[in-house]
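Here the structure is laid out as structure tokens; the discussion comes afterwards.
Number of protein chains: 2
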Amino acid sequence: MTERLDAQFAFLREADKLKSILRASCLIDGSRHENSAEHSWHIMLYALVLSEQAAPGVDINRVLKMLLIHDIVEIDAGDAPIHGNVDHAAMAAKEAAAADRLFRLLPSDQAESFRALWGEFEAAESPDAIHAKSIDRLQTPIANLVTGGGSWKDYDVTLEQLEARVGVPVKRGLPKVWAWLLPKLQTFFAARERG
Amino acid sequence: MTERLDAQFAFLREADKLKSILRASCLIDGSRHENSAEHSWHIMLYALVLSEQAAPGVDINRVLKMLLIHDIVEIDAGDAPIHGNVDHAAMAAKEAAAADRLFRLLPSDQAESFRALWGEFEAAESPDAIHAKSIDRLQTPIANLVTGGGSWKDYDVTLEQLEARVGVPVKRGLPKVWAWLLPKLQTFFAARERG
């Protein structure tokens with residue numbers, strides 16, 4: 064019993080480091096870069112508010128748990144900006160090693176179930192994972208639209224890139240939300256080209 | 064449909080401000096104060112890892128949702144440090160007004176259900192709310208133990224105060240965790256008295 068709690072709290076203490084992993088995106092007020100812990104909180108709120116948009120068969124409670132743990136690997140592997148030039152195979156290997164180390168801080172039964180849930184999210188094949196991935200991709204475009212471009216400017220992103228890297232996964236899980244968002248993106252990028 | 068999404072995203076954008084509400088507690092590495100958004104993420108992770116400690120009848124999925132939204136009122140009302148001198152009636156009124164304004168950004172059906180879930184958490188009477196409150200109280204003592212006192216030093220907290228303000232709610236929802244934590248707290252405060 065005591066050993067089990069010792070292991071659980073060792074994991075929970077280690078998880079504190081996610082608050083120091085910075086993402087490419089900024090807060091909406093522009094004051095600083097966003098970290099992966101507060102990002103994880105925010106996209107869980109997205110998932111709760113937009114739960115009515117989930118495809119039949121999606122279990123929002125499982126989606127919330129996926130989003131809760133999905134970025135913990137970044138404690139060891141860092142954040143790979145979606146619009147950066149990333150060696151995806153190398154990054155996947157780094158993240159898998161991070162998942163092994165970090166989840167194994169937990170008692171073995173929990174280590175296995177957390178690792179499996181993270182693996183399911185990464186594979187993006189199950190209905191829950193497809194939905195979770197589209198929620199995950201949605202927050203940055205919303206913030207960038209409000210802040211006049213945000214991380215799109217830093218990475219010189221075009222509408223075509225955005226449609227490929229963000230549009231494809233968002234449309235897969237949240238087609239109506241993408242239909243709502245796309246005209247706003249088109250307007251923004253058209254104004255930028257003129258301007 | 065479009066109006067509904069407009070309202071939902073207005074709420075989700077406003078929620079971004081929780082990332083700028085600072086708490087009395089610091090990150091475990093001591094680098095800065097913690098904000099309420101990343102705190103909310105962290106205690107949801109606590110709730111997931113410690114779900115086996117929940118009393119019979121507690122629904123962890125509801126607990127996670129409570130913890131996800133429990134601090135949003137701080138966007139308007141600010142964070143009231145647990146060991147600070149706070150006018151609790153004035154704070155409760157401020158938080159209720161904040162809940163009204165913030166949740167009403169959502170479509171009315173969601174505004175009602177979020178407001179009700181937040182009210183249930185605040186009342187701390189239902190099994191889910193009792194459990195959520197004890198999880199919420201647990202993170203700061205864990206961080207303060209690791210960091211050599213943390214916010215206990217800033218507020219000159221004694222073991223007796225800690226037992227009253229943290230021990231009572233934690234013991235209510237997580238008696239075995241409190242039994243695990245109390246000897247560590249006693250050792251810490253005894254060492255501090257010896258000095």
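Chains as they are written, first to last, in our numbering: chain E, 64 to 258; chain H, 64 to 258. Just so you know, even glycine gets a beta-carbon here, dropped at the ideal spot from N, CA and C. Note that the structure is predicted; figures quoted are calculated from it, not measured.
| Check | Outcome |
| --- | --- |
| Cβ neighbour criterion (16 or more within 10 Å) applied to V149/H | exposed |
| Under 7 Å from the C-beta of N98/H: neighbouring residues of chain E | E101 |
| Min CB distance A161/E to chain H below 8 Å | no |
| Residue-chain proximity (N124/E, chain H), Cβ-Cβ < 8 Å | yes |
| Neighbour flag for Y218/E against chain H, beta carbons, 8 Å | no |
| Separation of G236/H from I123/H, as counted between CA atoms | 12 Å |
| Between the CA atoms of S103/H and K157/E - distance to the nearest angstrom | 27 Å |
| Distance, D92/E Cα to T210/E Cα | 7 Å |
| DSSP-derived helix/strand/coil call for S94/E | coil |
| Closest residue to D139/H among L248/H, E77/H, G213/H (Cα-Cα distance) | E77/H |
| Residues that W215/H contacts on chain E, provided the C-beta gap is smaller than 7 Å | Result: empty, since nearest Cβ-Cβ is about 17 Å, beyond 7 Å. |
| CB of S197/E within 8 Å of CB of V220/E, strictly | no |
| Cβ pair count under 8 Å reaching 3, the region 106-116 of chain H against the region 130-139 of chain E | yes |
| Inter-residue spacing [alpha-carbon to alpha-carbon] between P170/H and F251/H | 49 Å |
| CA nearest to the CA of D217/E, picked from E226/E, N207/E, V229/E | N207/E |
| Alpha-carbon spacing of L180/E relative to G258/H, whole angstroms | 46 Å |
| Residue-chain proximity (F74/E, chain H), Cβ-Cβ < 8 Å | yes |
| For L85/E: DSSP bridge partner residues | N98/E |
| Run of the alpha helix (DSSP H) containing T250/E, from where it starts to where it stops | 238-257 |
| Amino acids of chain H, ordered along the chain, whose beta-carbon sits closer than 8 Å to that of I205/E | F72, L75, R76 |
| Chain-ordered chain E contacts of D79/H [CB-CB under 8 Å] | L90, I91, D92, H105, A206 |
| Chain E within 8 Å of S83/H, Cβ atoms only | yes |
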